[in-house]
Each structure stands twice: as structure tokens, then as C-alpha cells.
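*Asks:* Taken in sequence, the protein lines are chains X and S.
-8 is the number of the first residue of the first sequence in my numbering; add one for each residue after it.
41 is the number of the first residue of the second sequence in my numbering; add one for each residue after it.
Here a beta-carbon is modelled for each residue, glycine too, at the ideal position from N, C-alpha and C.
If you're wondering where the values come from, they're calculated on a predicted model, not measured in any experiment.
First the structure, then my questions, so here it is.
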Amino acid sequence: MDLTNADVADILALLDSLPYDSLDLETSRFRLTLRRAPGGGWTEESQVLAEPSTVTAAPDGTPATAGGAPDISGISGEAAAEAGAPDGLAAVAAPLPGTFYRAPRPGADPFVQVGDAVSADTVVAIVETMKLMNSVPAGTPGRVSRICLENGEFTPAGATLMLIEPDA
Amino acid sequence: MSGYRVLRRVLVANRGEIAVRVIRTCRRLGIETVLTVSDADAGSLPARLADQVIRIGPGPAPASYLSVDAVVSAAVAAGADAVHPGYGFLSENARLARACAAAGIVFIGPAPETLEAAGDKLAAREHAVAAGLPVLPGGPVRPEDGRPGRPADAGSPLGAAGPGGAGDLVALAERIGYPVLVKAAGGGGGRGLRVVRDAVGLAAAVAVASAEAEAAFGDPRVYLERYVERGRHVEVQLLGDGEHVIHLGDRDCSVQRRYQKLIEEAPAPGLDDGLRERLRTAAVALGEHLRYRGAGTVEFLVDADRDEFYFLEVNARIQVEHPVTEAVTGIDIVAEQLAIAENRPLRLKQADVTFQGHAIEVRVNSEDPASDFRPSPGTVTRAIFPVGAHHEISGDVAARSARHLPADREPEPGAGACGRTAAVRVDTHLQAGATVPPYYDSLLAKVIGHSTDRGHALAVLRGALDRCAVEGVATNLGLHRALLADPGFAAGAVDTGYLARWLARPPAAGAGAGARGAEHGPVRGDHG
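Structure, rendered in C-alpha cells:
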């Protein structure tokens, strides 16, 4: 059992009548900190520690991995390890972590192909993050030299999406 | 014979705060929960709270939360009696409802036919007309009008329900009167909408909206409606058992950014009593016409100055903003959904539903108003939320112990999920270490303040927001604090353009975030 809202309310009712300003409670399954807020009232900081009971294989037959934290590398919104671009080329980096799309919508023509001329503000891709479509401009005038990801692939923030050969 | 089917194990086919919300009520009622998760949510709070967790696929929703086959297979494998779809994802998907039925599993929601009627905005409009509800002047666009060069389709989906009927696009728009709104028949969530102010841009807007709608919903049909610049968004919560329909009052959701609701409240402030009653009566009439079963919402556009209202759409599911209704009625809407899914007649009569006080909810999203509302996925390092009532309010022990709910399945008039006097409620899936994946929407938490009247509810909520802190991802908490301090919002009865105007105000007019380009940020949509 985790702590229910009613449990917290009970604890708070008890605490309210006592001269304490905070309470820390930790068991193997949860952690709870209640504090009197400076402006009045209480705050709650809680954490359910119990591991998920992931019991069944996924329906497609792939074995389920044990419960626990998922791999979140790359989604933190921080730049990925040095994107880098080969000499003389400019990298178009993902502004956010998300799904890379080459076209404005499924079935539409790609924004650009290798060899296309672009200006700095030519939109060359979309990165979808949290249901928002973020347009990615080329950033550098030149020609598209390489497209580094497949359409629909996930990209961490800062990763190189495309390489541009700058105008001389 | 009663024909009840007692639910012992419910599969929760959702994630985030609504998964936590549904699990909590199931637990209170002694119902086992099985949660489907994507790989990105395997360690989430709802996964830690559910009795069982089944991984159904990778992070991107089309391969997991939007997969009917994966959800139904999981429900069968888990031996679930029922599937609760939450909101979003597959919640209004008739194919899921049918697949559940075929597998002998209860879909916690309306009948598939109702989902289809509500999901097709043109069909919903027709039903509204048939039920006697006022609709905005409008009508369907014939495919050849939106798609130059394509052969005409036989027959219009709306027939003569709108004054436009079918016919020449420009003539239709002129009959309606500019500005007009181009809407997608298969749409929702604000997608596929275009405002057109004169005949010049009309054909192009229709073509773009139709192409967008086809991409997003697989349905290119669009229609025109009059665009009301200063309308209010007011909706009515319904409960139905397929035979009887009651309402749980109204909500105002006019504080929106790009058609996304940000602040909701119950009841809608400053409505004339007569208008309020007409809205509620109209919603129930539509619910009865649809023989509605489950929890649902009828959305209206209200022109309060003219004392008029128009049907917008039906949301055939529980809504994000349901807690404000729970606060003022004391009714646990999820518990009622479960009871209806057990094939019980409504446990409440209209006269049993009483309203107490005022409740306001803010949606805390992982987006940064200072950077054009840029989404902010990542890892939460701390999540601090208010608990209990604000100190200035008589949030006594009795109020909080109203949160104790009886363990049986009878309705609890007078006691609800968050008490009936001054109280703060937080619905969230955040805790230290929680992941905010980039694949899903940005809702992190809902903070609800409830008190005896709107002024006190505002005070409760302001105090509550002062006690919120989320670290590790950007949030819009600062925006909410500023909005709750804005005299315009405090005065009540704002229209749906309020937030855009507030964000566009000169920086000197108020502190901080959001004054930048309301028009140039990223576009919300589904890519596929």
C-alpha cells in the first residue's frame, strides 16, 4: 500500500495541533516530508519508492524487462555529447529532444533533399516534442550535404540532424 | 436479476496524472488495477501504484498508448474485467470499445455508436440540432470546394441542418457572415482550426485545413461555422446510464491558449441564472437524445452579453478538468463511471446533486512561458505541492476528514474526493526522479482550490500555488501565479481571447513571462 490522501490528511490533522514545523517519514515503500510553509499552510513532498510490479510479457511476445526507471538518456533536454560536424560543414542541431520529421505531414514531400540549396531560415525539418511541432531552420546558407537521421527517428537535444555545406 | 457485473480488476489504459487519479479511486473501492505503460513510463508513479503493470510498447504513443491491439491484448492477458481509457489517447475510440466488447471486457465509456456520433463533429452537430440545441450558423464544405479539381462527392454529410447546406463555398461563408471558422469534422483539441476574415483567403484556408485534417485524423472533411470573437467556453458535465441522464453542473474553461485550456472553474462565474439553467437543460436534452451512458461533457460557446449560447461538441470521456466539478458536488466522477460500467442504473437523481462553493483548477504544464512556451521534457528532481487548506481559510480538520470516503460503492452525498469546504487538491504523477518524456502532452499536475465562493477559492489557490515547486523541468507555475493576480481574471467571466490579449500586453503592464509572440511559436498537432 502506498500512502493515501486520507492518510496524509490524518497525519496533517495531528501535526497541525503539535508545535512541529516538519515531519519526515520514510518506509521501504514511500517517503513523505510535510513542512509548514512560510506563508501559512503545509507542503508535501512525497515519493513512492515501491518498484512497479511488471509481471507480464508484452503482448507482442517481447519479454518484459523488470520494472524500474526507464532509459531516459537523451530526453533531459540537455545537449547531447558534442554533435560535431566534419570539417567545413555546419551541423543543424535538434533544438529539443523529440521525433525527427523530414516533411510537414505524413505523405507530404520532404522539406529538403540532399543537394538542395537553403538559406539560413529555410525550414529543413520538424522535431515533435510533447505534441508540439517545432520547425528547424537550416541556420546556415548553403546546400544540404547529408541527412543524418531517418524520418520518424527519435533525437536527443543538440544531436546533429543534418549537415550543411556553407556557401563559399 | 440485476444484471450487474461487478468489476474486480480494471485495466487503466493511460498514463500521467489521470492514471494516478483512476488508480486511487479503484483502490478506494477495492478494485485491482492493471496499468499499461510504454517503455518511457515503466518507472512512473502510476506504475508504482498499480497492482500490476504491463509494458505495451516503446515510448512513441502510436506504438503503445494508441495501439488498440496492444491494449486489448494486455487486458485479456491480465484477466481484466474492464478497461478505463482516461482522456486522450484511445478514450473516444470506437474501435477500442468494440474490440473490448468482442473480448468480453467492459469498456468504461459510452457505446461505440455514441463515440462515433460525438467524434464526428458534423454528426454531433446534427444530433445537437435534432435535440433542439442552438448551433452556430454554419455548414459543411463540399469536397470540391476545398479540393479544387476533385470530383464532387454525392450528398452532403450534414444535409440541410445548417443554413448553408451545401454549395458554393463563398456563398456559404457569406450566409454565415465573416469571420468564419474552418473546422475539421474529425478534429479535436483545437487542431485543424482556421479563422477566415474575408473571401480572399477562404479557399486556401479550407484547402489547408482539409489537408491538415486528413493528415491528423485521416478525414479531410471540413465545415464552416461563424467565429465568435468574444465567446466564453462553458461546458456541462453529464452522467448517463443509457436511459436517464443528469448533469453535475457547469464549468468555465475560457482561459485558453491556442485552444488549449489552462484554467477551469465551477460553476461558470457571472452567468445569469436563467442562462445557466438553459445550458444545463440543453446538455441533458442532448444526452437523452444520444441515450448517453457514462460520464461526458457538452461544450458550449456562450455569448453572455447577448444571453445566447451555441453547441460546440460532445466529449465522450472524463475530462482533465473534472476535479472542479467533484469539488463543488462532492461526487467522485470516476466512481460513478465504474458504477455505470457495472451496468447499474444511475445512483444519483438530479435532485441529489447539490452545489457548494466554487472551485478553480490550474493546469501545471512542463513548458516555459518565457521561451515561447517551449516544451520542457526531462527529469524532475523535486516536486513540492501544497497539502491541506490555506491558513486563512477555515480548512479545519472536519473538512479534511471529509476526504475519508466510505469503502463501499454507494454514492456519498455531502462528502467527496476533496471535501466540500475550503480545500486544496493536487492531482499529479510527479515525484522526485519522475521522468517527463518528450512523447506525450505536457500536463504535470492540476492544482485545485475550493472554497465557499469564487473570491475565497482564488485566495485558496493563490496560497496553494505559492507552495508549489517543481525542479528539473520548466513549468508554467509563474504564469499561473501572475494570472491569478490579474484583476481581469479575478473579475471573472473572461472570454476565450483573454489569455492571448494578456500575453500580448506590453511588458510594462505586468511582470515577467509570456509577452512574446503569441503567434509564432511551435504548432500543436499530431504527426501521424
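#1: Should residue 90/S and residue 71/S be called a contact, given that it needs their Cβ atoms to be closer than 8 Å?
#2: Does the beta carbon of residue 177/S come closer than 8 Å to any beta carbon on chain X?
#3: Which residues bound the beta strand (DSSP E) around residue 349/S?
#4: Per DSSP, what are the beta-bridge partners of residue 102/X in this structure?
#5: Can you tell me whether residue 460/S is buried or exposed, with buried defined as 16 or more other CB within 10 angstroms of its CB?
#6: Taking residue 122/X as part of the alpha helix (DSSP H), name the residues at either end of that continuous run.
#7: What is the rounded straight-line gap between the Cα of residue 501/S and the Cα of residue 511/S?
#8: Quick one: using the 10 Å Cβ neighbour count with 16 as the cut-off for buried, is residue 5/X buried or exposed?
#9: Using a Cβ-Cβ distance under 8 Å, would residue 187/S count as near chain X?
#10: As a quick exercise: from 252/S, 497/S, 243/S and 237/S, pick the residue whose alpha carbon is nearest that of residue 227/S.
#11: Hey, could you find the ends of the alpha helix (DSSP H) residue 154/S is sitting in?
#12: Residues of chain X with CB under 7 Å from residue 92/S, in chain order?
#13: Specify the secondary structure class of residue 405/S as computed by DSSP and reduced to three states.
#14: Of all Cβ atoms in chain X, is any one closer than 8 Å to the Cβ of residue 471/S?
#15: Which residues in chain X have a C-beta closer than 7 Å to the C-beta of residue 547/S? List them in chain order.
#16: Starting from the beta carbon of residue 506/S, find every residue of chain X whose beta carbon is closer than 8 Å, and list them in chain order.
#17: Along chain S, which residues have their Cβ under 9 Å away from the Cβ of residue 131/X?
#18: Is it buried or exposed, residue 70/X, if we count other Cβ atoms within 10 angstroms and call 16 or more buried?
#19: Taking C-beta pairs closer than 8 Å, name the residues in chain S that residue 39/X reaches, listed in chain order.
#20: Quick check on DSSP: helix, strand or coil for residue 210/S?
#21: Do residue 274/S and residue 351/S have their CB atoms nearer than 8 Å?
#22: Using the C-alpha atoms, what's the distance from residue 118/X back to residue 160/X?
#23: Which same chain residues, not among the five before or five after residue 161/X, have their C-beta less than 6 Å away from its C-beta?
#24: Does any residue of chain X have a CB that is nearer than 8 Å to the CB of residue 626/S?
#25: Starting from residue 16/X, find everything on chain S with Cβ-Cβ shorter than 8 Å and list it in chain order.
#26: Indicate whether at least one CB of chain S lies closer than 8 Å to the CB of residue 151/X.
#27: Kindly indicate if chain A contains any beta-carbon less than 8 Å away from that of residue 427/S.
#28: Under the assumption that residue 165/S contacts residue 175/S (Cβ atoms under 8 Å), give the Cβ distance between them as a whole number of angstroms.
#29: Could you tell me which whole beta strand (DSSP E) segments of length 3 or greater appear in the segment 116 to 140 of chain S?
#30: Helix, strand or coil for residue 320/S? Go by DSSP, reduced to three states.
#31: Identify the residues that DSSP records as bridge partners of residue 394/S: which are they?
*Replies:* Looking at the coordinates:
#1: Translated into the one-based positions of the second sequence, residue 90/S becomes position 50. Translated into the one-based positions of the second sequence, residue 71/S becomes position 31. Result no, Cβ atoms of residue 90/S and residue 71/S do not sit closer than 8 Å.
#2: The count along the second sequence starts at 1 and reaches residue 177/S at position 137. It does not: the Cβ of residue 177/S has no partner Cβ on chain X nearer than 8 Å.
#3: In the second sequence, residue 349/S corresponds to position 309, counting from 1. From DSSP, the beta strand (DSSP E) with residue 349/S extends over 348 to 355.
#4: The residue given as residue 102/X occupies position 111 in the first sequence. In the DSSP output, where bridge partners are listed per residue, residue 102/X has none listed.
#5: As a working mapping, residue 460/S is identified with position 420 in the second sequence. Because residue 460/S sits at a pLDDT of 42, beneath the cut-off of 50, its placement in the model cannot be relied upon, and the point is left open.
#6: Numbered from its first residue, the first sequence carries residue 122/X at position 131. Note, residue 122/X: premise wrong, no alpha helix (DSSP H); not H, not E.
#7: For the purposes of this step, residue 501/S is identified with residue 461 of the second sequence, where counting begins at 1. For the purposes of this step, residue 511/S is identified with residue 471 of the second sequence, where counting begins at 1. Straight-line measurement puts the Cα of residue 511/S at about 20 Å from the Cα of residue 501/S.
#8: For the purposes of this step, residue 5/X is identified with residue 14 of the first sequence, where counting begins at 1. So residue 5/X ends up on the exposed side.
#9: Within the second sequence, numbered from 1, the residue matching residue 187/S stands at position 147. Since pLDDT at residue 187/S reaches only 46, below the 50 mark, its modelled position is unreliable, and the value read off the structure follows with that caveat. When Cβ-Cβ separations below 8 Å define contact, residue 187/S makes no contact with chain X.
#10: Here residue 227/S refers to the residue found at position 187 of the second sequence. Among 252/S, 497/S, 243/S and 237/S, the Cα nearest to that of residue 227/S belongs to 252/S.
#11: As a first step, residue 154/S must be located in the second sequence, where it is residue number 114. Boundaries of the alpha helix (DSSP H) harbouring residue 154/S: 152 to 159, taken from the DSSP string.
#12: Indexing the second sequence from 1 puts residue 92/S at position 52. Here the neighbours are 44 and 46.
#13: The sequence position of residue 405/S within the second sequence is 365, counting from 1. Strand at residue 405/S.
#14: Translated into positions along the second sequence, residue 471/S becomes position 431. At least one beta carbon of chain X lies nearer than 8 Å to the beta carbon of residue 471/S.
#15: Position 507 of the second sequence, counted from the start, is the residue given in the question as residue 547/S. What residue 547/S touches in chain X: nothing, since even the nearest Cβ is about 24 Å away.
#16: In the second sequence, counting from the first residue as 1, residue 506/S sits at position 466. Here the neighbours are 28 and 30.
#17: Reading the first sequence from its first residue, position 140 is the one you call residue 131/X. Those within 9 Å of residue 131/X in chain S number zero; the least Cβ separation is about 21 Å.
#18: Here residue 70/X refers to the residue found at position 79 of the first sequence. Since pLDDT at residue 70/X reaches only 45, below the 50 mark, its modelled position is unreliable, and no value is offered.
#19: Along the first sequence, one-based indexing puts residue 39/X at 48. What residue 39/X touches in chain S: 85, 88, 89 and 471.
#20: The residue you call residue 210/S lines up with position 170 of the second sequence. Three-state DSSP puts residue 210/S in a helix.
#21: Locating residue 274/S in the second sequence gives position 234, counting from the first residue. Locating residue 351/S in the second sequence gives position 311, counting from the first residue. One thing to note: residue 274/S has its Cβ no nearer than 8 Å to the Cβ of residue 351/S.
#22: What is shown of chain X runs -8 to 159, which leaves residue 160/X out entirely.
#23: Nothing can be reported for residue 161/X, as the shown portion of chain X is limited to -8 through 159.
#24: Since the displayed chain S opens at 41 and closes at 568, residue 626/S lies outside it and no answer follows.
#25: Position 25 of the first sequence holds residue 16/X. Neighbours of residue 16/X on chain S: none; closest Cβ ~13 Å, over 8 Å.
#26: Reading the first sequence from its first residue, position 160 is the one you call residue 151/X. By the rule that beta-carbons nearer than 8 Å mark a contact, residue 151/X does not touch chain S.
#27: In the structure shown, chain A cannot be found, because the protein chains are X and S.
#28: Here the question's residue 165/S lines up with position 125 in the second sequence. Here the question's residue 175/S lines up with position 135 in the second sequence. Confirmed, Cβ separation roughly 6 Å.
#29: The beta strand (DSSP E) runs lying completely inside the segment 116 to 140 of chain S and spanning 3 residues or more are 122 to 124, given in chain order.
#30: The residue given as residue 320/S occupies position 280 in the second sequence. Residue state, collapsed to three classes: helix.
#31: Here residue 394/S is taken as the residue at index 354 of the second sequence, counted from 1. DSSP lists no partner for residue 394/S.
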